[in-house]
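Enquirer: Have a look at this one before I ask anything.
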Amino acid sequence: MSNHYSQKIFLVRHGQTAWSLSGKHTGRSNIPLTEAGKRNATKLRPVLAHLNFEMALTSPLQRARETAHLAGFDEAIEDPDLMEWDYGQYEGITTAEIRKTAPNWTVFTQPCPGGESGRSVGKRVDRVIDRVKGCRGDAILFAHGHVLRVLCARWLDMNPAQGMHFVLGTGNLNILGYEHETPAIEVWNEHIH
């Protein structure tokens, strides 16, 4: 392994889906990209084409795999640890609908009945971070909004719930790296035009 303090981790949230557009929690459902989501993912290709990645991983869910493909990463390896949060009974429901029965609910601080806890998501992304740190060069990860927000929090050695502070739009580019050997955010929520 080389000096990993020069390593960068590129994070790409999948392109827009009908459910992300409407605010529905889209965990394990296999939802395709909208036409706008496909266009946005395709715009990533020229930005990423000149970069060299030692590792390319993608969530096995359709929307992430499709984004990876359109961005030029057909060879991205599926990693189930990059799957989106399992929302259980809250799958396909908006936060406003959930709060009718669970006031002040947030995915980061309160449970999803029949679903996954923030601690569990944190353990998954910790495994991803360990795998990425084990490679010799830069890595690119194609995944989902909440799991990538938790990954960013864990990269910064924060509690998984702190992911609530990192707004992340669909199809946007993010880069994690180091500042003087301290894990840092280099680029966040960059929309490619």
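In UniProt numbering, the protein residues as written are 1 to 193. Glycine is no exception: its CB is placed at the ideal position from the N, C-alpha and C atoms.
Report the rounded CA-to-CA distance for A64 versus R39, giving the unit in angstroms.
Expert: 14 Å
Enquirer: Measuring alpha carbon to alpha carbon, tell me which residue in L176, Y87, H193 and S22 is nearest G115.
Expert: Closest by alpha carbon: Y87.
Enquirer: Taking the alpha-carbon positions, what's the V132 to M158 distance?
Expert: C-alpha separation (whole angstroms): 18 Å.
Enquirer: Under the rule that 16 or more other beta-carbon atoms within 10 Å means buried, what is Y90, buried or exposed?
Expert: So Y90 counts as buried.
Enquirer: Could you check the C-alpha separation between Y178 and T101 for me, to the nearest Å?
Expert: 42 Å
Enquirer: Candidates P183, I192 and H191: which alpha carbon is nearest Q7's?
Expert: P183
Enquirer: Are the segment 150-167 and the segment 57-76 touching by the rule of at least three beta carbon pairs closer than 8 Å?
Expert: Output reads no: the segment 57-76 does not touch the segment 150-167.
Enquirer: Spatial neighbours of Q162 within its chain, please: C-beta separation below 6 Å, excluding the five flanking residues on both sides.
Expert: A153
Enquirer: Kindly indicate which three-state DSSP category W19 falls into: helix, strand or coil?
Expert: Helix.
Enquirer: Ignoring anything shorter than 3 residues or poking outside the segment 88-144, list the beta strand (DSSP E) runs there in chain order.
Expert: As far as the segment 88-144 is concerned, its whole beta strand (DSSP E) runs of at least 3 residues are 139-143.
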